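Throughout the sequence shown, residue numbering follows UniProt numbering, covering 1 to 103 in sequence.
We put the beta carbon where it would ideally sit given N, CA and C, even for glycine.
Source: prediction; values computed, not measured.
Here's the structure, in structure tokens; my notes come after.
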Amino acid sequence: DNELNLPNLAAAYSSILRSLGEDPGRQGLIKTPWRAATAMQFFTKGYQETISDVLNDAIFDEDHDEMVIVKDIDMFSMCEHHLVPFVGKVHIGYLPNKQVLGI
1 DNELNLPNLA AAYSSILRSL GEDPGRQGLI KTPWRAATAM QFFTKGYQET ISDVLNDAIF
61 DEDHDEMVIV KDIDMFSMCE HHLVPFVGKV HIGYLPNKQV LGI
């Protein structure tokens with residue numbers, strides 16, 4: 001369970017703050033390790049999800065063969081080289097095979 005990793009992640013962020021010369025116990029940083037750990041879990045939650053979790057029964061039978069285009073889908077991820085989040089929009093086009101995805 002990903003929630004079980006939260007204390008370990010928070011401890012790691014405390015260590016990072018100490019390595020930077022900060023005091024994780026000072027007033028402005030007391031909850032920062034937990035906030036950072038929670039944010040990291042959010043930005044990497046895709047590693048814990050299955051395709052069924054993501055689709056959530058959103059596949060529908062449809063009998064047409066024209067291209068389906070879905071624009072401006074919000075997305076977020078984590079740069080694996082810098083561990084910095086990034087956000088954007090994606091556009092998807094596909095030819096249905098008797099089914100469409102209700103995104």
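* Asked: Which residues in the same chain as I59 place their Cβ atom closer than 8 Å to its Cβ, once the five residues preceding and following it in sequence are excluded?
  -> Once the five neighbours on either side are set aside, the close Cβ partners of I59 are Q99, V100, L101 and G102.
* Does the Cβ-Cβ distance between F43 and M78 come in under 7 Å? -> Yes.
* Grouping DSSP H, G and I as helix and E and B as strand, with all else coil, what is V54? -> If DSSP states are grouped into helix, strand and coil, V54 belongs with the helices.
* Who are the near neighbours of G88 in its chain, counting only those whose CB is closer than 6 Å to its CB and skipping five residues on each side? -> M75
* Report the rounded CA-to-CA distance for E62 versus P96, giving the unit in angstroms. => 8 Å
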